[in-house]
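Student: End of the sequence shown sits at 372 in this note's numbering; the numbers just go up one at a time, nothing left out. Quick reminder that beta carbons are idealized off the backbone N, C-alpha and C, glycines included. As the structure is a computational prediction, the values presented were derived from the model and not from experiment.
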Amino acid sequence: MANNDSSKPIVDFAAIKENLGSEYKMVQVLDGSAKVVNQEVFDSFSDEQLVDFMKKMVWERALHEQTMSFSRQGRLGFYAPTAGEEASEMGSVSAFEPQDFLFPAYRDLPQLIQHGGSVEKGFLWSRGHVKGNQYDPKYRAWMPQIIIGAQFVEAAGAALGIKKNGENNVAFVYTGDGGTSQGDTYEGLNFAGAFQAPLVAIIQNNGFAISVPRKKQTAATTLAQKAVAAGMPSVQVDGMDILAVYSVAKAAREYAAGNGPVLIETLTYRYGAHSSAGDDPSRYRTKEEEKPWHDNDPLIRLRKVLEDKGLWSDQQESDYVDECKTQFKADLKAADAEPKQTNVEMLKNTFEVPTPNIKAQIAEFEAKESK
2 MANNDSSKPI VDFAAIKENL GSEYKMVQVL DGSAKVVNQE VFDSFSDEQL VDFMKKMVWE
62 RALHEQTMSF SRQGRLGFYA PTAGEEASEM GSVSAFEPQD FLFPAYRDLP QLIQHGGSVE
122 KGFLWSRGHV KGNQYDPKYR AWMPQIIIGA QFVEAAGAAL GIKKNGENNV AFVYTGDGGT
182 SQGDTYEGLN FAGAFQAPLV AIIQNNGFAI SVPRKKQTAA TTLAQKAVAA GMPSVQVDGM
242 DILAVYSVAK AAREYAAGNG PVLIETLTYR YGAHSSAGDD PSRYRTKEEE KPWHDNDPLI
302 RLRKVLEDKG LWSDQQESDY VDECKTQFKA DLKAADAEPK QTNVEMLKNT FEVPTPNIKA
362 QIAEFEAKES K
């Protein structure tokens, strides 16, 4: 029965909604003009660390450019461009230790390579070759997950295993803003929260899930607040500021290793298309929308700092780009030399213990391929 009392309601839902997400203040060390806004954190970095961060971002931008060139030549398969996201990706992965478990999505090949993978295997993965999914266990990295959100379930399980084994490391996992619209993402977060498993979840909010803008994906003010229902602390960080991303990820890793899961939202931007399949970004965003993000390029921001300190130059960057691209061409040549996989190889890698049906198919193709 409706209450016709016109007095003030016991709960002001409009006020609650208005304040959702208001507690999240984006963390920065360098603002968009490369001005230091957190001197204490900035001073904690040595000149060597600053140069290393710059080289990692230049390496990733060069990888993006060369890989997209290979794709246009028809020499690679699927590839997800990463230009614009270098600070988010290199800053975060640099904060983790070799013993930590990485669960990447398909846009996270650069982190996978930095965590111990190889460019050659990345190229084989792009081609769908079975060896592109095979990594030495010592690197503690899973293959890039194509099923959006599924890596969160895997990572939560690994994190629980870490806790059960009494180890002092973490699992860390990536997805984009679109991944927060997938059920698997929430299952993984909820599981990690319920068991207080050492998981660091990184949401790279680049503004678009293929062509769907972030504001049409969710009514939430931030993606960081997606962690609240799982009982996880969370933070939003400027994903174009590598110093801020690294510092936040480092703090998250240190906390998660003994206290339970953390979620990080990085505010970043994808400069190019969603993938090498060739979607046209001009159909869902304008040049005017893109310009502020290009002006806010993560490489430009750190480059200004290094140039002011006399630690970096255009020539130094050009030489390093040439060095990287020469190596990438050698990596593609090595991938080209890998023998084409057979049906038998593919089937043998489907299950650790083949099912009767798979065994029958293996026998059938072995007979055909031996002729």
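Indicate whether at least one CB of chain C lies closer than 8 Å to the CB of residue 130.
Tutor: Any reference to chain C falls outside this structure, which holds one protein chain only.
Student: With DSSP collapsed to three states, give me the class of residue 94.
Tutor: helix
Student: Between the Cα of residue 293 and those of 241, 29, 356, spot the shortest distance and give me the residue it belongs to.
Tutor: Ranking the options by Cα distance to residue 293, first place goes to 241.
Student: Within the same chain, show all residues whose beta-carbon is closer than 7 Å to that of residue 224, passing over the 5 residues directly before and after it, in chain order.
Tutor: 178, 181, 204, 206, 266
Student: The alpha helix (DSSP H) that contains residue 173, what's its start and end?
Tutor: Counting along the chain, residue 173 falls outside any alpha helix (DSSP H), though it belongs to the beta strand (DSSP E) covering 172 to 177.
Student: Quick check on this structure: which residue in 51, 9, 24 has the alpha carbon closest to the alpha carbon of residue 247?
Tutor: 51
Student: Three or more C-beta pairs closer than 8 Å, one from the region 117 to 134 and one from the region 154 to 163: is that the case here?
Tutor: no
Student: Using 8 Å as the threshold, is the C-beta distance between residue 106 and residue 25 below it?
Tutor: no
Student: For residue 14, list the residues DSSP reports as bridge partners.
Tutor: Note: residue 14 sits in no beta bridge, so no partner.
Student: Which residue spans inside the region 240 to 296 form an unbroken beta strand (DSSP E) run of at least 3?
Tutor: Listed in chain order, the complete beta strand (DSSP E) runs (minimum 3 residues) inside the region 240 to 296 are 263 to 268.
Student: Within the continuous beta strand (DSSP E) that includes residue 358, where are the two ends?
Tutor: Element bounds for residue 358: not the beta strand (DSSP E) but the alpha helix (DSSP H), 357 to 370.
Student: For a test of the three-state rule: what should DSSP assign to residue 235, helix, strand or coil?
Tutor: Note: residue 235 maps to strand in three-state DSSP.
Student: Locate the beta strand (DSSP E) running through residue 157, then write down its first and last residues.
Tutor: From DSSP, residue 157 is part of no beta strand (DSSP E) but of the alpha helix (DSSP H) over 151 to 165.
Student: Where does residue 214 fall in DSSP's three states?
Tutor: strand
Student: At which residue ranges does the region 292 to 347 contain complete alpha helix (DSSP H) runs of 4 or more residues, listed in the order of the chain?
Tutor: 299 to 309, 315 to 337
Student: Should residue 136 and residue 150 be called a contact, given that it needs their Cβ atoms to be closer than 8 Å?
Tutor: By the CB criterion at 8 Å, residue 136 and residue 150 fall outside the cutoff.
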